[in-house]
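Engineer: Residue numbers for the sequence shown, in this note's numbering: 109 to 1275.
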Amino acid sequence: YIVTDDGYVMLASEMGVLDIPEETIVTKWRLQPGKMLLIDLEKGTIISDDDLKTELANRHDYRKWLDRTQIMLSDLPQTRTKLRKSHIPLVDRQQTFGYTQEDLKFLMMPMARAGQEATGSMGTDTPVSVLSNRPKLLDTFFKQNFAQVTNPPIDPIREEAVMSLVTFIGPRPNLLDLKGTSKQKRLEAPHPIITNEELERIRVIGTTKGNNFRTVTIDATYDVANGPDYMDACLEGLSRAADRAVRDGYNIIIISDRSVSQTRVPVPILLATSAIHHHLIRKGLRTSVGLVVESGEPREVHQFCTLAGYGAEAINPYLAFETLRDGAPSFDEIITPDQAVKRYVKALKKGMLKVMSKMGISTYQSYCGAQIFDAVGLCSNFVERYFTGTASQVEGIGLSEIAHESFKRHSDAFGLNPVLEDTLEVGGDYAYRVRGEAHAWTPETVANLQHAVRGNSMDKFREFSKKMDADAHSANFLRGLFHIKSAEEMGRKPVPLDEVEPASEIVKRFATGAMSYGSISREAHTTLAIAMNRIGAKSNTGEGGEEPDRFNVTDRENSMRSAIKQVASGRFGVTAEYLVNADMIQIKMAQGAKPGEGGQLPGHKVNATIAKVRHSTPGVGLISPPPHHDIYSIEDLAQLIYDLKNVNQNADISVKLVSEVGVGTVAAGVAKARADHITISGYDGGTGASPLTSIKHAGSPWEIGIAETQQTLVENELRSRVVVQVDGGLRTGRDMIVAALLGADEMGFATAPLIAAGCIMMRKCHLNTCPVGIATQDPVLRKRFTGLPEHVINYFFFVAEEAREFMAYMGFKTFDEMVGQVDWLDRQKAINHWKSQGLDFSRLFAKSDRADSTPIYHTEDQDHNLGSVLDRELIKSARSALDNREKVSFQTAINNTNRSTGAMLSGEIAKRYGHDGLPEDTINIQLKGIAGQSFGAFAARGLTLDLTGEANDYVGKGLAGGRLIIKPPANAAIVPEKSIIVGNTVLYGAIAGECYFRGIAGERFAVRNSGAVAVVEGVGDHGCEYMTGGVVVVIGETGRNFAAGMSGGVAYVLDEDASFASRCNLAMVDLAPIPEEEEALAAHGHQAQDLHSHGLIDLNHHLTELDAARLRQLIENHKQFTGSARAADILDNWETMLPKFIKVMPVDYRRALLEMEQRQTASVAAE
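#1: Using a Cβ-Cβ cut-off of 6 Å (strictly less than) and excluding sequence neighbours within five positions of Q1195, which residues of its own chain qualify?
#2: Assuming T922 and E655 form a contact by the criterion Cβ under 8 Å, report the distance between their Cβ atoms to the nearest whole angstrom.
#3: On the DSSP letters alone, give me the boundaries of the beta strand (DSSP E) that L765 sits inside.
#4: A1011 lies in the alpha helix (DSSP H); which residues open and close that run?
#5: If you measure between the beta carbons of M918 and F618, is that distance less than 7 Å?
#6: Going by other Cβ atoms of all chains shown within 10 Å of its Cβ, with 16 needed for buried, is V442 buried or exposed?
#7: Can we say the region 233-241 touches the region 479-488, given the rule of at least three CB pairs closer than 8 Å?
#8: How should Q501 be labelled, buried or exposed, when 16 other C-beta atoms within 10 angstroms of its C-beta is the threshold for buried?
#9: Taking three-plus beta-carbon pairs below 8 Å as touching, is the region 1013-1022 in contact with the region 1043-1058?
#10: Beta carbon of E631, beta carbon of R890: below 7 Å?
#11: Could you check whether G700 and G711 sit closer than 7 Å to each other, using their CB atoms as the reference points?
#12: Using 8 Å for Cβ pairs, my map puts V561 next to N902. What's the rounded Cβ distance?
#13: Leaving aside the five residues before and after R517 along the sequence, list all residues of the same chain whose C-beta is less than 8 Å from its C-beta, in chain order.
#14: Within 10 angstroms of its Cβ, does N1149 collect 16 or more other Cβ (buried), or is it exposed?
#15: Check for me: the beta strand (DSSP E) holding N902 runs from which residue to which?
#16: Just verifying my parser: in three-state terms, what is the DSSP assignment at K955?
#17: Could you tell me whether the Cβ atoms of G404 and L427 are closer together than 7 Å?
#18: List the endpoints of the continuous alpha helix (DSSP H) containing T204.
#19: Do you know how far the Cα of V1139 is from the Cα of L1261?
#20: Looking only at its chain, what residues have a beta carbon closer than 7 Å to the beta carbon of N666, apart from the 5 residues adjacent to it on each side?
#21: G278 and I389: beta carbons closer than 7 Å?
#22: According to DSSP, is L1211 part of a helix, a strand, or is it coil?
#23: Entirely within the region 753-820 and at least 3 residues each: give me those beta strand (DSSP E) ranges in chain order.
#24: Count the other CB atoms, across all protein chains shown, that sit within 10 Å of the CB of I147; report buried if there are 16 or more and exposed otherwise.
#25: Provide the residue(s) that pair with M855 in DSSP beta bridges, ordered along the chain.
#26: Closer than 7 Å by C-beta to A349: which residues in its own chain qualify, once you throw out the five before and the five after it? Chain order, please.
#27: Taking the DSSP output, what are the residues bridged to P1181?
#28: Looking only at its own chain, which residues have a Cβ that is under 6 Å from the Cβ of D760, when we skip the five neighbours before and after it?
#29: Could you tell me whether the Cβ atoms of C873 and A860 are closer together than 7 Å?
#30: Here's the rule: buried if 16 or more other CB atoms are within 10 angstroms of the residue's CB, otherwise exposed. What is K287?
#31: What does a CB cutoff of less than 8 Å around H547 pick up in its chain, not counting 5 residues either side in sequence?
#32: Considering only residues of the same chain and omitting the five flanking positions on each side of T414, which have a CB-CB separation below 6 Å?
#33: Among T135, Y358, I505, D886, which residue has its Cα nearest to the Cα of N876?
#34: Taking buried to mean at least 16 other C-beta atoms within 10 Å of its own C-beta, is P374 buried or exposed?
#35: Ignoring anything shorter than 4 residues, give me the alpha helix (DSSP H) runs that lie fully in the region 979-1063, in order along the chain.
#36: Grouping DSSP H, G and I as helix and E and B as strand, with all else coil, what is Y207?
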């Protein structure tokens, strides 16, 4: 917003909306996160945020209110009640609640050892719960929701300041009580996972003086003699008991299944909790009572999250605690049972924060009762009654089947089965087991596929395909229950196979999944690329960048260039050169195996080659943020699409989404944002590393996502504009046909081609120990890779040929005429599966009424409105520089409708000269005005954009070597060092270059900066977040959480009031004073020459030394380029100001640089 000298205040979404003379503007500022702008029209003044909040805070003595109404759980007196011990063997109780050997080995024990969730890889290939032959816990029918595009997820680690698990147990206060008259107390706990002892304190809280709490325990078990059909009556009884308790004055209800025994069967605790929660809501009583769960069922993160989502304010997992105490003596590390429980609770807390943050929720109080889940395979009557308001696209089982599954577990526990007498079921959810859960990829299917592709045997492939489709048909996957109708069933004739579109054309619709170089070896990555290039299909770089030597296509038969270049939240390796060498640029909003999460590549995996590709430092870990920090809305996504299209007009822009209820609405927004291509990824897609909770419980099957996307796009007449691709567990030609009928133009495959290339599904990708040289950077293991492009090519042609046979059977000659013809799908009738009888796919098979009047597949190109962009004029004026490397300099005006200025010109530079670009300052453009979004995005080396005015958000996004200068006009009435000059998220993903901003930047300045140098006169919150390289100088104030996740580079911050340390996130960085210049010179034998001369210090090298010289040089540059009065004052008082600067440097980065210097010194000495 701006304030003028005649008293006008103008606030808008961006600067430059109205033309206001600069000499009349006295204030330029922004509405900051968590702050308010209040204008008192009577007094004619702006009330500052501090004054406003101080006034509100002083209206009442809020501390007295809290002291009167709040009790801390930790302050409750110790109880004399002896903790109850069960006489029933531990293994019997574990079996009753569905424990398996895998729960202990893969989930609980790693949490108790390491204090964090266990990690897995390769995704999931087991049936959804409604199709499993094994009794499944109710929570597994619920899939976690996550944010994509419409709001951002949060990083719960680097931004823990905004995260809280604090929970309040008991009645809610009156929101309209503004005078603090309430005497009703609330019980506060630091987190919702409570110990047995804490639960007993709550149970007897009513006996403690000074509070009006009354606690009642409701038994959530019933007599086994009543049989499974009694569960309905039991739930009614639980609801009535809760209702009666609240009306009788009880305000804490403990829902307990501790009474489980040979004669007592437990109600699934999620069902009991949600039933009571929703009953009390319907009766208007829910805010009068707190719900506490005491259960033996919860042990993994997802179970705690579902309980929280359906109303539990606190959870006591008594059996999990007992299991850990029993198992602690067997740990490799000597830890006490108490330590094991403490670490386990710590892991649960971290996991719950991560699940909450996926949806952009920062507090447990917001998450509790929020129901952020989709149901998959539960009938609508059941959901509406017990989980009211939860979305469910696929009808399935109801209370009867759930009750029978509970009884099955109980009878297994207390029955006479000798196998289960003293041991748990094997499980098999996380790895293939002989007596375990069904898997798509078994030793047999892996062997069949590899024999087929290596011997180029279609017969062998048919064996593989038959086995895969038979497993699907026996109800392992939703699509297995889909019947594909014949031509005769649809009243038409089959067509001869030789009249069907050839396989050589069909394979062009294929793409490999986004597997980054870093997650897999160069050998595996290039094999996939060569194979796809030979058949005219597309391989995907993943988010790790691509080595530039692969860009040059000299031998088309063996081209290693990936056609799809991915742009993910980390922006690793995303340069202008990278982008112009793409046929398609994919914006990864989410990944099927871990939607809503970022990633982390540990330092030991970042070797010299990977570091070079990602523009980082060897040995230093790399963090991908959960959100794209330039995408907080659909409009922001449209801007990134526009940015990328400007750099490379010939590339299609793709957006990758993950299947969940509501993805169709998001896809419609993406189409309106002018994406050319949309990928819908299933939850069962692969991954190099992901928390096991995410692999199993986040996202939905692709069948649900593609069906909703197709229906929404057709309904809104958007389908013709975009190519729709589906990926996530596709394996056979039949899978491909189902995807096409549901609406997919193209198909992505990842795990299957990896298996064709040699993967044997060891599921050890995250450990860097892949025995076949695929998912490893170990040079010894990489030598074991034996895959050939021919193997991958054979696989894709087998799939295409199988699809052609289906097309002939259905009467389709071309693939396009089959896309979206969902009428050809029906539910399989002859499925002998006890849980499948209630399945209803009518919502998936629905066809829009508009399908007859609007295209239902891709038929037209998007119009990106690039015809009149400012860069076209800039390119004309810079033609001699582009063609002949001649220096050019010119002036032009700019306004805020000129977005992505410099991006198209930089693309032209990168096409001709690569990342090296042109000599410094070859193209010097002086601009005047207020620039639109993404000014200087991907600016290439040799380009200088010198703006007199100001700019909006995303300045210097992906800066690739260019120089950006922004300063206010000479006639401006503002004080520059106290005024905003650039918006939020400046230098996001910058690779190289220089920036000088005379003024203050918004939030997230230099987020994920990899190598750019910048000087700015103040920054907002989260400055230098996730930075991995480069140098940032801040000669003004900083906001909160500076340097969060910063693993590389250096920042110099002017700390005049000695308060910076309180605003800096010190988890990964050290703060140090800057040695005086004479000390620096003495340390180098006075051989640094004239340190004040421009260019003598390599600004991005020797970052462990020469700090004073580097800092002075940058501030002198800033003064020279912007005329900064602030810089001049610092230089004029250098001896006084230098001690006030703080050097911010990551600990791990310093170690890595020193090690590199030592190796170089040793190498020189050896020579």
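Backbone N, C-alpha and C fix where the C-beta goes; we use that ideal spot for every residue, glycine too.
Structural biologist: From the atom records:
#1: With a pLDDT of 44 at Q1195, under the threshold of 50, the modelled position of this residue cannot be trusted, and the question is left open.
#2: Taking C-beta atoms under 8 Å as the contact rule, T922 and E655 fail to qualify, at a distance of about 38 Å.
#3: Following the DSSP letters along the chain, one finds L765 inside the beta strand (DSSP E) bounded by residues 760-766.
#4: Residues 1011-1021.
#5: In this structure, F618 does not lie closer than 7 Å to M918 by Cβ.
#6: One detail in the question is off: residue 442 reads as Ile in this sequence, not Val. With fewer than 16 neighbouring CB atoms inside 10 Å of its own CB, I442 falls in the exposed class.
#7: Contact annotation: the region 233-241 touches the region 479-488, with at least three C-beta pairs closer than 8 Å.
#8: Per the 10 Å Cβ criterion, buried.
#9: The region 1013-1022, when compared against the region 1043-1058, does touch it at the 8 Å Cβ threshold.
#10: Yes.
#11: Going by C-beta atoms, G711 is not nearer than 7 Å to G700.
#12: Indeed, because the Cβ distance is near 4 Å, the residues count as touching under 8 Å.
#13: These residues qualify, in order along the chain: Q203, T204, F205, G206, P243.
#14: N1149 is buried by the Cβ-count criterion.
#15: No beta strand (DSSP E) holds N902; the alpha helix (DSSP H) holding it covers 897-918.
#16: Correct three-state label for K955: coil.
#17: G404 places its beta carbon less than 7 Å from that of L427.
#18: If you look at T204, you'll find it in the alpha helix (DSSP H) that goes 198-204.
#19: Note on geometry: alpha-carbon atoms of L1261 and V1139 lie some 15 Å from one another.
#20: Contacts found: I638.
#21: Cβ atoms of G278 and I389: not closer than 7 Å.
#22: Coil at L1211, not helix or strand.
#23: Within the region 753-820, the complete beta strand (DSSP E) runs of at least 3 residues are 760-766, 785-789.
#24: I147 should be labelled exposed.
#25: Its beta-bridge partners are F618, V834.
#26: For A349, where only same-chain residues beyond five positions count, the Cβ hits under 7 Å are I326.
#27: In the DSSP output, where bridge partners are listed per residue, P1181 has I1250.
#28: M692, D784, H785.
#29: No, they are not a contact pair.
#30: By the Cβ neighbour-count rule, K287 is exposed, with fewer than 16 other Cβ atoms within 10 Å of its own.
#31: Cβ contact annotation for H547 (same chain, cutoff 8 Å, sequence separation greater than five): D233, T234, G536, Y540, in chain order.
#32: In chain order, D247, F250, L378 place their CB closer than 6 Å to the CB of T414, counting only its own chain and leaving out the 5 sequence neighbours on each side.
#33: When each option's Cα is compared against that of N876, the closest is D886.
#34: So P374 ends up on the buried side.
#35: Complete alpha helix (DSSP H) runs here, min 4: 987-992, 1011-1021.
#36: Correct three-state label for Y207: coil.
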